[in-house]
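S.K.:
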Amino acid sequence: MQDVFNKLMDYARSLGVDFADARMERVEKTLISIQDGVLKELKAGIEEGVAIRVLYRGAWGFASSSEISFESLKKALDTAYAAARMLSYHVKKPARIVELPSKTDIVRAVLKRDPRDVPVDVKIKDYLEYEKMLRGKEYVKSTTVYYADIVGITFYASTEDRYIEQEKIITWMYTWLTGRINDIVASVRDERGAIDGYTIWDKWDKNEIARKVIDRLEKQLKAKTPKGGVYPAVLAPEIVGVFVHEAFGHLAEADLTTSGSAISDKLGKEIASPLVNIVDDPTLPGGFGTFKYDDEGVETRKAVLIEKGVVKELMVDRQYSALLGIKPTGNARAESFKVPPLIRMRNTVMLPGDYNKEELFEDIDYGYYLVSFRGGQANLDGTFQVGVQEAYEIVNGEIGEPVRNMSISGNTLDTLKEVDAVAKDFELELGRCGKGQLAYVSDGGPHIRVRKIVIGGAR
Amino acid sequence: MSASIIEIASITVKHALSRGADEAEVFIIKSKNNSVELENNTIKLAHTTEDRGLGVRVLVGKKIGFSYTNKLDKESIEKTVEKALSIARSGREDPYMQGLPVPAEKYPRVEGTYSIEIANTSLDHLVEKASRMLNIITHDKRIVVVWGSITTSSWNIAIVNSNGVYQQDFGTIAFIGAEVVARENGDVTPGISEWDISRTSFPSIEKLALRLKEKAISNLKPVKIDGGSLPVILTEYAVNSLFAYTFIEAIKGDNVVRGRSPYKDKVNTKVASERITIIDDGLLKNGLNTSIFDGEGIPRRKTVIIERGVLKNFIYDHYWGLRAGKESTGNASRSDYASMPRVAPSNLVIAPGTYNKNELLKETGKGLLVDGFQGAHSSNPETGEFSVVATPAWYIENGELKAVRGVMIAGNLYKLLEKVDALTKTSRQVGTIKSPWIRFPNVRVIVKK
Chain H
2 MQDVFNKLMD
12 YARSLGVDFA
22 DARMERVEKT
32 LISIQDGVLK
42 ELKAGIEEGV
52 AIRVLYRGAW
62 GFASSSEISF
72 ESLKKALDTA
82 YAAARMLSYH
92 VKKPARIVEL
102 PSKTDIVRAV
112 LKRDPRDVPV
122 DVKIKDYLEY
132 EKMLRGKEYV
142 KSTTVYYADI
152 VGITFYASTE
162 DRYIEQEKII
172 TWMYTWLTGR
182 INDIVASVRD
192 ERGAIDGYTI
202 WDKWDKNEIA
212 RKVIDRLEKQ
222 LKAKTPKGGV
232 YPAVLAPEIV
242 GVFVHEAFGH
252 LAEADLTTSG
262 SAISDKLGKE
272 IASPLVNIVD
282 DPTLPGGFGT
292 FKYDDEGVET
302 RKAVLIEKGV
312 VKELMVDRQY
322 SALLGIKPTG
332 NARAESFKVP
342 PLIRMRNTVM
352 LPGDYNKEEL
362 FEDIDYGYYL
372 VSFRGGQANL
382 DGTFQVGVQE
392 AYEIVNGEIG
402 EPVRNMSISG
412 NTLDTLKEVD
422 AVAKDFELEL
432 GRCGKGQLAY
442 VSDGGPHIRV
452 RKIVIGGAR
Chain W
15 MSASIIEIAS
25 ITVKHALSRG
35 ADEAEVFIIK
45 SKNNSVELEN
55 NTIKLAHTTE
65 DRGLGVRVLV
75 GKKIGFSYTN
85 KLDKESIEKT
95 VEKALSIARS
105 GREDPYMQGL
115 PVPAEKYPRV
125 EGTYSIEIAN
135 TSLDHLVEKA
145 SRMLNIITHD
155 KRIVVVWGSI
165 TTSSWNIAIV
175 NSNGVYQQDF
185 GTIAFIGAEV
195 VARENGDVTP
205 GISEWDISRT
215 SFPSIEKLAL
225 RLKEKAISNL
235 KPVKIDGGSL
245 PVILTEYAVN
255 SLFAYTFIEA
265 IKGDNVVRGR
275 SPYKDKVNTK
285 VASERITIID
295 DGLLKNGLNT
305 SIFDGEGIPR
315 RKTVIIERGV
325 LKNFIYDHYW
335 GLRAGKESTG
345 NASRSDYASM
355 PRVAPSNLVI
365 APGTYNKNEL
375 LKETGKGLLV
385 DGFQGAHSSN
395 PETGEFSVVA
405 TPAWYIENGE
415 LKAVRGVMIA
425 GNLYKLLEKV
435 DALTKTSRQV
445 GTIKSPWIRF
455 PNVRVIVKK
């Protein structure tokens, strides 16, 4: 691939472009879906193609090709170049990018067990066995289990003489369980994964996950609904993760910040309690967002988003790095070779503090303990909503009765100020994020306490 | 590659049978997109992408396998067929599997699904339109374009199976849309969006830009309101967002058969206000998802879901139709060549009412107008319960609109549908659902103090 790419980049330079890059991807996927004991879908396939970007006089052109011969690549580059040229007549603020030194690197995935070496029959057996465990209780009415492995290799080259090969392999599973007791119907989800191969069942026991999910469902069926209003709350790592990602993280993606997100004028300013430290860290072991180079061939590094309550930096791609004078963070990610990369998160987490988890509950006379979520979303203006699928009352400093059908909402900046205790523990969750394109990301943190949060629930 | 995609599909089906498949189905799509994207008040990027690929579904006895490729040369296709067969053989029997569909006797004629104007729009032209859209919107310095897109797509789809299904179709679509924020005196609106989609002509840039400006500016200067129980009007955007995770799930045949729909035992009973009539119309003129056939080659059609409040039918693909003891309603959907068909609505049309918008706002007295939701995907499809942030939203007072922020609404969509008391006479398709504005009386509104 390197030879073809060298020739292509020589050609790009001969056209007088500011910059050009090519990203070839080969992605092999296997998917298993099981519904109510029936193996419903079994899918395996390969896609391969190249994404080409050209920056010409401050304008970007993009094209993709599913053929990878030099001739096809040259044709795609011509298309991208023509698009950029056309656009260059209309661009008022020419785009500039950070250029990087020449480099060649090859990064292989470190695997305990390559999913390609595990026969599909074994995968089917494992997941059928797990799915069966979910159907033990009478109130469980319906089950859906997905398993997927995605084996990807990316070849990247740019007019800077960079050439990078990188393997990325993830395994992922998703559980959705619906139950009913009399008139009460409830559903719960569970999502997990790994980046070291077919290792989900080495990390977790099938019975244990099944028990946990069933237990969560039972509580959603039997619990009472919460009181709506404003209460203190303790947030478990999974909720902290979704909050940090959805409510804060998107605001700190430089494209959205610059467009006027709620932190657009807050760089260098204190927006959160001094106990709050939030980073987007591509080096955390085992995270879906752990990788060495992003999809613009940039070395990834930790982005310190909030340090002791102060907004420190944003997540950038090459262009926003140049625009804002922030050292490249390597946050550009593309869903596939069919689309250009966008600024996306990787592993976004709140860092642990000094408190023992137990201490967080002590001062709460009445409040809620939020353990697991079923979806969250935020707006640029900093309002957020998180649906909660496992939560408990806190009464006189003790965890009390479970509550069902709860959601939390509020303004991100107000909520970050209300964080008054951060525990020592830490957990990383693996999941997915949609911003027009799908990305596999991680998020997490410790247990934290928030003095005030809006609790909503359908009564 | 000189053969047409329907010929390739046909050859591939025969090849799969010769390699041991009992039944086989091949789906091929070839598409071309031109797109110009706006970001942060600039034209960010222009792109042209061509894509094509093939998905093959095989049955070996009652075992199913699916594989796909984006390479249409003989060797890649044959490998893909072998992959589908080999995983099918390592699979398990699906006791409910009754095979692939057979062709219909007649296929419908559809109107308004292809436009030479859209198919031939050059990238140059899109760049010019994008530039104009940006200029009009940002003429008002209070507004920043966060994101915008002007896109045209055209495609050719073919589907062939071993039972004689042999169909192809062509389509085009044009999309223009943007998300903006407005700011003034330290006040910033949430993201405000508008978009227009058409299969047959290029939507007007000017009209969209003006609507967007007006919406954004009207969302400045928020007022504080009290929570409680209020009438709430959902715009077509809000309806699409909330229904996607509740109502649509409830009418899908797979969810009905699996006992996951609250409507499962309610056919021919009243489930909504008699003002509500909802039809799945796969033949809707200029409909976003209108086509001759669905993802399995079964003719698209009209299916009445709710008629004057009474539940009539669900939507099915071939497999779930048979499991329900019925037949497919032509509702197998495929998002691309790499995905297996799944049950999904085509164009869900909510019949309009009698009000014009101003009348409706005036008559509402005090209430809430909601144009979008955050967290709609955390709703509970099995129960209809939701608890979401309404944004953007306006407080209605005697026909006047005043922006409100951070307001949550909570309730149960299925129960609310029983109480709908007004719909506007105009409706628009901004997603799967073509909807008027809908008013629900007495919705719980929660406001942070």
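If you read the sequences in order, they're chains H and W.
Residue numbers for the first sequence follow the numbering used here, beginning at 2 and rising by one.
Residue numbers for the second sequence follow the numbering used here, beginning at 15 and rising by one.
The beta carbon of each residue, even a glycine, is placed where N, CA and C say it ideally should be.
1. In the stretch 401 to 417 of chain H, which residues sit with their C-beta less than 8 Å from some C-beta in chain W, listed in chain order?
2. Let me see if you follow: with CB-CB separation under 8 Å, is residue 218 of chain H close to chain W or not?
3. Quick one: what's got a C-beta closer than 7 Å to residue 86 of chain W's C-beta in the same chain, skipping five residues either side?
4. CB-CB under 6 Å to residue 442 of chain W, same chain, minus the five flanking residues each way: which ones, in chain order?
5. Taking the straight line between their C-alpha atoms, what separation do you get for residue 61 of chain H and residue 225 of chain W?
6. Flag residue 314 of chain W as yes if its beta-carbon sits less than 8 Å from any beta-carbon of chain H, otherwise no.
7. State yes or no: is the C-beta of residue 104 of chain W within less than 8 Å of the C-beta of residue 122 of chain H?
8. Assuming residue 381 of chain H and residue 160 of chain W are in contact, meaning their beta carbons sit under 8 Å apart, how far apart are those beta carbons, in whole angstroms?
9. Would you kindly report the start and end of the unbroken alpha helix (DSSP H) that includes residue 334 of chain W?
10. Please go through the same chain and pick out, in chain order, the residues whose beta-carbon is closer than 6 Å to the beta-carbon of residue 464 of chain W, but skip the five residues on each side of it.
11. In chain order, which continuous runs of the beta strand (DSSP E) of length 3 or greater are located wholly inside the stretch 349 to 437 of chain W?
12. Quick check on residue 467 of chain W: buried or exposed, where buried means 16 or more other Cβ atoms within 10 Å of its Cβ?
13. Would you kindly work out how many angstroms separate the C-alpha atoms of residue 359 of chain H and residue 211 of chain H, rounded to a whole number?
14. Run through DSSP, which three-state label would residue 335 of chain H get?
15. Pull up the distance between the alpha-carbon of residue 437 of chain H and that of residue 354 of chain H, whole angstroms please.
16. From which residue to which residue does the alpha helix (DSSP H) around residue 138 of chain W run?
17. Any residues in the stretch 372 to 400 of chain H with a beta carbon nearer than 9 Å to a beta carbon of chain W? Which ones, in chain order?
18. Tell me, please, whether the CB atom of residue 92 of chain W is closer than 8 Å to any CB atom in chain H?
19. What did DSSP end up calling residue 202 of chain H once you bin it into helix, strand or coil?
20. What residues in the stretch 137 to 170 of chain W have a beta carbon less than 7 Å from any beta carbon of chain H?
21. List the residues of chain W whose Cβ lies closer than 8 Å to the Cβ of residue 261 of chain H, in chain order.
22. Run through the DSSP bridge pairs and tell me what residue 133 of chain W is partnered with.
23. Kindly identify the DSSP beta-bridge partner or partners of residue 303 of chain W.
24. If contact is defined by three or more beta carbon pairs under 8 Å, each pair taking one atom from either stretch, is the stretch 302 to 321 of chain W in contact with the stretch 129 to 136 of chain W?
25. Does any CB atom of chain H fall closer than 8 Å to the CB of residue 399 of chain W?
26. Is it true that the stretch 131 to 140 of chain H meets the stretch 102 to 117 of chain H, where meeting means three or more beta-carbon pairs spaced less than 8 Å apart?
27. Among H/209, H/320, H/223, which residue has its Cα nearest to the Cα of residue 328 of chain H?
28. If contact is defined by three or more beta carbon pairs under 8 Å, each pair taking one atom from either stretch, is the stretch 35 to 49 of chain H in contact with the stretch 30 to 50 of chain W?
29. Give me the Cα-Cα distance between residue 35 of chain W and residue 99 of chain W, rounded to the nearest whole angstrom.
30. Check whether the stretch 152 to 172 of chain H and the stretch 181 to 199 of chain H touch, using three or more Cβ-Cβ pairs below 8 Å as the test.
31. Per DSSP, what kind of secondary structure is residue 120 of chain H in: helix, strand or coil?
32. Can you list, in chain order, the residues of its chain whose CB lies under 8 Å from that of residue 398 of chain H, leaving out five sequence neighbours each side?
33. Applying a beta-carbon distance threshold of less than 9 Å, which residues of chain H neighbour residue 452 of chain W?
34. What in chain W is Cβ-close to residue 438 of chain H, meaning under 7 Å?
35. Taking contact to mean at least 3 C-beta pairs separated by less than 8 Å, is the stretch 270 to 283 of chain H in contact with the stretch 44 to 64 of chain W?
36. Are the CB atoms of residue 263 of chain W and residue 254 of chain W nearer to each other than 8 Å?
M.R.: Per the coordinate set shown:
1. Residues 406, 407, 408, 410, 411, 412.
2. For residue 218 of chain H, the nearest beta carbon of chain W is not closer than 8 Å to its own beta carbon.
3. Correct list, in chain order: 15, 22, 66, 68.
4. Cβ within range, chain order: 250.
5. One C-alpha to the other measures close to 29 Å.
6. For residue 314 of chain W, the answer is no, since every Cβ of chain H falls outside 8 Å of its Cβ.
7. For residue 104 of chain W and residue 122 of chain H, yes; Cβs fall inside 8 Å.
8. The beta-carbon distance between residue 381 of chain H and residue 160 of chain W, rounded to whole angstroms, is 7 Å. This is short enough to meet the 8 Å contact definition.
9. Its alpha helix (DSSP H) spans residues 332 to 337.
10. Outside the shown range of chain W, which is 15 to 463, sits residue 464 of chain W, and nothing can be said about it.
11. You should have 362 to 364, 380 to 384, 399 to 404, 407 to 411, 414 to 418, 421 to 426.
12. Because chain W here runs from 15 to 463, residue 467 of chain W falls outside it and cannot be looked at.
13. Distance between the alpha carbons of residue 359 of chain H and residue 211 of chain H: 27 Å.
14. Coil, per DSSP.
15. So the two alpha carbons sit approximately 34 Å from each other.
16. Boundaries of the alpha helix (DSSP H) around residue 138 of chain W: 137 to 152.
17. For the stretch 372 to 400 of chain H, which is checked against every Cβ of chain W, the residues closer than 9 Å are 374, 375, 376, 377, 378, 379, 380, 381, 382, 383, 384, 385, 386, 387, 388, 389, 390.
18. Taking 8 Å as the CB threshold, residue 92 of chain W stays off the interface with chain H.
19. Here residue 202 of chain H sits in helix by DSSP.
20. Those residues of the stretch 137 to 170 of chain W that come within reach of chain H (Cβ to Cβ, closer than 7 Å) are 137, 138, 141, 145, 158, 160.
21. For residue 261 of chain H, the C-beta contacts it makes with chain W under 8 Å involve 158, 160, 195, 197, 202, in order along the chain.
22. Partner(s): none; residue 133 of chain W has no beta bridge.
23. Paired residue(s): none; residue 303 of chain W is not in a bridge.
24. Here the stretch 129 to 136 of chain W makes no contact with the stretch 302 to 321 of chain W; the two share fewer than three CB pairs at distances below 8 Å.
25. Judged by the 8 Å Cβ criterion, residue 399 of chain W is in contact with chain H.
26. As far as the Cβ criterion goes, the stretch 131 to 140 of chain H does not touch the stretch 102 to 117 of chain H, which means the pair count is below three.
27. The residue with the shortest Cα to Cα distance from residue 328 of chain H is H/320.
28. Between the stretch 30 to 50 of chain W and the stretch 35 to 49 of chain H there are fewer than three C-beta pairs closer than 8 Å, too few to call the two in contact.
29. Rounded to whole angstroms, residue 35 of chain W to residue 99 of chain W spans 7 Å at the Cα level.
30. Cβ pair count under 8 Å is three or more, so yes.
31. Reduced to three states, the DSSP call for residue 120 of chain H is coil.
32. Within its own chain, the residues whose Cβ lies closer than 8 Å to the Cβ of residue 398 of chain H, once the five positions on either side in sequence are excluded, are 362, 363, 364, 365, 366, listed in chain order.
33. Around residue 452 of chain W, no beta-carbon contact reaches into chain H at under 9 Å, the shortest distance being about 19 Å.
34. Neighbours of residue 438 of chain H on chain W: none; closest Cβ ~12 Å, over 7 Å.
35. They do not touch, by the three-pair rule.
36. With a cutoff of 8 Å on beta-carbon distance, residue 263 of chain W and residue 254 of chain W are scored as not near each other.
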